[in-house]
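Residue 892 in this note's numbering sits at position 570 of the sequence shown, and the numbers go up by one each step. Okay, so here's the structure we're looking at.
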Amino acid sequence: MNTAKPMYRWEEIRWKSVQQRVFKLQKRIYRASQRGDGQAVRLLQKLLVDSFAAKLLAVRKVAQENQGKNTPGVDGFSRLRNHQKLRLAQELRLSDKSKPTKRVWIPKPGRQEKRPLGIPTMEERARQALAKLALEPEWEAKFEPNSYGFRPGRSAHDAIAALFNAVNQREKYVLDADIEKCFDRIDHQKLLDKVNTYPTMRRQLRAWLKAEVMDGRQLLPTHAGTPQGGVISPLLANIALHETHLKKKFTTRFKGRNQTLSVVRYADDFVILHESKGIIQMAKEETEQWLNEIGLQLKESKTRLCHTLISDGCQNAGFDFLGFNIIQRGMNPKHTGGYPGTDRKRGFKTFITPSKEAVSRFKKMIGELIMSSRNLSQKKLIDRLNPRILGWARYYRTVVSSRTFSKLDGYIFQKLRGWAVYRHPNLTIGPILSKYWGMNRGLGWKFITSDNRHELARLSSVKITRHVKVFQDRTPYDGDFDYWSRLVRFPTITEVSKVLLRKQAYKCAYCGLQILPSDPFELHHKNKNRENNRTSNLEAVHMHCHDVIHAKAGIVVDQENEEPDEGKLSRPVLKERGGQ
């Protein structure tokens, strides 16, 4: 990478103007794609890719906002200085080549096996971000409304809300499906044909798909799949799996009976629901046939056919999806609603709770963290636990979680009691509890430091808040900022952040632009005192705006991200920050 200093200064870039220029083109691409004007889409995409504003935004996304910004590729570059960022933007071009990706192995949650990531160089990441800026609006106009994974303005909580809507009125059979090694086996030629973009973009996409992988000192070829860990990988995977919903295929085959067929997809995991077991079995056959056409297949060990209400000899009622358990339980008809269009009572209720596997994984993580912190002070232990406790609770706050939260609070108490006893083997339990809990200070069973300044968070303190599902085919590219401002799209953030966002009308306090669900944001301390966390001293700003604020003041910002990627417990992409 050329490190010579450019003529301009990164700190002086007017990001509001940059974002407005890029979004204006993206909105036009989205509208052209909506009306099926492919020629206009290609022309506008070329304009965007050649735009210096888009190149600046692409570099900012990978160098400042992406969670993996500090992970180097094969060239060893990770943190870029401001003049290097600007130079990279000035030299950014699509081409027909790609540097190798660096293979990094990360553990799968709750398992011994590991998953490979392919980390591109910083330059390739910026190039991928530029391509994504052009391609994503086109495909957001095409994607089916039942697809929720790795799309702007959509989340795992939308997928769960869609499942609730699908089963709340009637009990149904379910095909809970998982595609085996989806990211590794997608057919390159069929994917490129499906993208159907202009020649320069196609050559660049092909180069990324065929990029060699550096595993240790060994350089390996790539014959299939999308590079897990790349900025554009989730979009390409969504394009490959577009139209896996079966309603179009079933319209002529089953005529009127397909009306209640529901499909909910999150990345490579999807669920098909229908009242007829026979139709679900046919849906599985159709799905397997379609996947074979693009080089994929279902993973039999993770694919099951069950019922939401009734258990049979080999399958329990209900199913797990994205860390949640969806099940129906028989109830006194007096306490349930009726079937649509009839006076007959349902006799069941639908419950969505944290899955047993998710709870078990959380308990294991908390137990191991406390065990490894035996020599840490109480304050440091609290600092380590709080982000994990609150992150997990905020993810599950949108469903029936109160009982689970209370039980887990009890589990954490027992683990902390063991931690405290280990530190003081010569004391009886009474003095130990008094030292670490606030009983003798009138604070009850709070795990709190002696100066009362640092307190352990409780899961049960997180208020249950129902999630408002995104409406059908809405997308941030439609430009309806009023809709996105009214829709609370930040289920995993703190209450303080929610209060500030509402107060600011979901606009950044620095640049005045909307803070969208896909925008990383942070809370800025106006008087520079990070100990003063009163709302009067805080304001919500875009992450890059926060960088500018502190750069002008000569302050280094601590940008540790504490949000867990619980939304997709086994997803292999680098997740952009949700910010706090």
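We put the beta carbon where it would ideally sit given N, CA and C, even for glycine. These figures come from a predicted structure and were not determined experimentally.
**Study point:** Boundaries (first-last residue) of the alpha helix (DSSP H) holding T609
**Key:** Per DSSP, T609 belongs to the alpha helix (DSSP H) from 599-615.
Practice item. Check whether the Cβ atoms of L402 and L369 sit closer than 8 Å, and answer yes or no. Key: Taking 8 Å as the Cβ cut-off, L402 and L369 do not qualify as a contacting pair.
Point to revise | Helix, strand or coil at E435 [DSSP, three-state] | key: If DSSP states are grouped into helix, strand and coil, E435 belongs with coil.
Exercise for review: Within the region 797-855, note down every full beta strand (DSSP E) run reaching 3 residues or more, in order along the chain.
Suggested key: Scanning the region 797-855 for uninterrupted beta strand (DSSP E) segments of 3 residues or longer gives 843-847, listed from N- to C-terminal end.
**Study point:** K494 to V870 span [Cα, whole Å]
**Key:** A straight line joining the alpha-carbon of K494 with that of V870 spans about 53 Å.
Exercise for review: With P904 as the anchor, note down where its alpha helix (DSSP H) starts and where it stops.
Suggested key: This structure cannot settle anything about residue 904, because the visible part of the chain is limited to 323 through 902.
Point to revise | Residue from F641, G713, P709 whose Cα sits closest to the Cα of E679 | key: A check of alpha carbon separations from E679 across F641, G713, P709 identifies F641 as the nearest.
Exercise for review: State the start and end residues of the unbroken alpha helix (DSSP H) segment that holds L452.
Suggested key: The continuous alpha helix (DSSP H) containing L452 extends over residues 444-462.
**Study point:** Buried versus exposed, by CB contacts within 10 Å (16 or more), T857
**Key:** So T857 counts as exposed.
Review point. How about F472 and N560: do their beta carbons lie closer than 8 Å?
Key: Closer than 8 Å, so yes.
Point to revise | Sequence-distant residues of the same chain with beta carbon closer than 7 Å to T574, five excluded per side | key: Bear in mind that the predicted position of T574 carries a pLDDT of just 48, short of 50, making it unreliable; the figure below should be weighed with that in mind. Closer than 7 Å at the Cβ level, and outside the excluded window around T574, lies no residue.
Practice item. To the nearest angstrom, report how far apart R524 and Y352 are at their CA atoms. Key: Using only the alpha carbons, I get a separation of about 19 Å.
Check your understanding: Does the Cβ-Cβ distance between Y805 and E462 come in under 8 Å?
Key -> No, Cβ-Cβ distance for Y805 and E462 is not below 8 Å.
Check your understanding: Is DSSP giving M865 helix, strand or coil here?
Key -> M865: helix per DSSP, three-state reduction.
Check your understanding: Do you know offhand how far A376's Cα is from V344's?
Key -> Roughly 6 Å separates the two Cα atoms.
Review point. Nearest-angstrom Cα distance between V722 and N762?
Key: Here the alpha carbon of V722 sits roughly 34 Å from the alpha carbon of N762.
Review point. Taking C-beta to C-beta, are A562 and K516 nearer than 8 Å?
Key: Result yes, Cβ atoms of A562 and K516 sit closer than 8 Å.
Check your understanding: Do you know offhand how far I815's Cα is from V381's?
Key -> Cα-Cα distance, rounded: 26 Å.
Check your understanding: Based on the DSSP output, what are the partners of Q550 in its beta bridges?
Key -> Answer by DSSP bridge pairing: none, since Q550 is not bridged.
Point to revise | Integer Cβ distance of T630 from Q650, believed to fall under 8 Å | key: Distance from T630 to Q650 at the Cβ level is roughly 5 Å; contact confirmed, criterion being Cβ atoms closer than 8 Å.
Review point. How would you label L542, buried or exposed, when you count the other beta carbons within 10 angstroms and need 16 or more for buried?
Key: Taking all protein chains shown into account, L542 has fewer than 16 neighbouring C-beta atoms within 10 Å of its C-beta and is therefore exposed.
Review point. With burial defined as no fewer than 16 other Cβ atoms inside 10 Å of the residue's Cβ, what is the status of R824: buried or exposed?
Key: Its Cβ having fewer than 16 others within 10 Å, R824 is exposed.
Point to revise | S783 - DSSP class collapsed to helix/strand/coil | key: DSSP places S783 in helix when its eight states are reduced to three.
Point to revise | Helix, strand or coil at D745 [DSSP, three-state] | key: Inspection of the sequence shows that residue 745 is occupied by Arg rather than by Asp. Under the three-state reduction of DSSP output, R745 falls in the helix class.
**Study point:** Alpha-carbon to alpha-carbon, K791 and K599
**Key:** Computed Cα separation, rounded: 28 Å.
Practice item. Give the secondary structure of I649 by DSSP, where H, G and I count as helix, E and B as strand, and everything else as coil. Key: Residue state, collapsed to three classes: strand.
Review point. Do L860 and H846 have their C-beta atoms within less than 8 Å of each other?
Key: Between L860 and H846, the C-beta gap is smaller than 8 Å, which places the two residues in contact.
Practice item. Kindly indicate the opening and closing residues of the alpha helix (DSSP H) around A529. Key: Boundaries of the alpha helix (DSSP H) harbouring A529: 521-531, taken from the DSSP string.
Point to revise | For V553 and T423, believed in contact at Cβ under 8 Å, the rounded distance | key: Going by Cβ atoms, the distance from T423 to V553 rounds to 12 Å, so no, they are not a contact pair.
Exercise for review: Please report how far the alpha carbon of L365 lies from the alpha carbon of P521, in whole angstroms.
Suggested key: Computed Cα separation, rounded: 12 Å.
Practice item. Enumerate in chain order the residues of its own chain whose CB-to-CB distance from H866 is below 7 Å, with the five nearest sequence positions on each side excluded. Key: W337, R382, Q386, E387, listed in sequence order.
Check your understanding: Just checking my contact of E706 with V784 at CB under 8 Å: how many whole Å lie between their CB atoms?
Key -> Here the sequence assigns Arg to residue 706, which means Glu is not the residue at that position. Contact between R706 and V784 does not hold, since their C-beta atoms are separated by about 18 Å, which reaches or exceeds 8 Å.
Exercise for review: Within 10 angstroms of the Cβ of M693, are there 16 or more other Cβ atoms? Answer buried if so, exposed if not.
Suggested key: If you draw a 10 Å sphere on the C-beta of M693, you find fewer than 16 other C-beta atoms in it, and that means exposed.
**Study point:** C628 and D500 closer than 8 Å at C-beta
**Key:** No, the Cβ-Cβ distance between C628 and D500 is not below 8 Å.
Exercise for review: Quick one: give me the first and last residue of the beta strand (DSSP E) that Q540 is part of.
Suggested key: Unbroken beta strand (DSSP E) run through Q540: 540-542.
Practice item. Determine the extent of the beta strand (DSSP E) in which M536 is found, giving its start and end residues. Key: In the DSSP assignment, M536 falls within the unbroken beta strand (DSSP E) covering 535-537.
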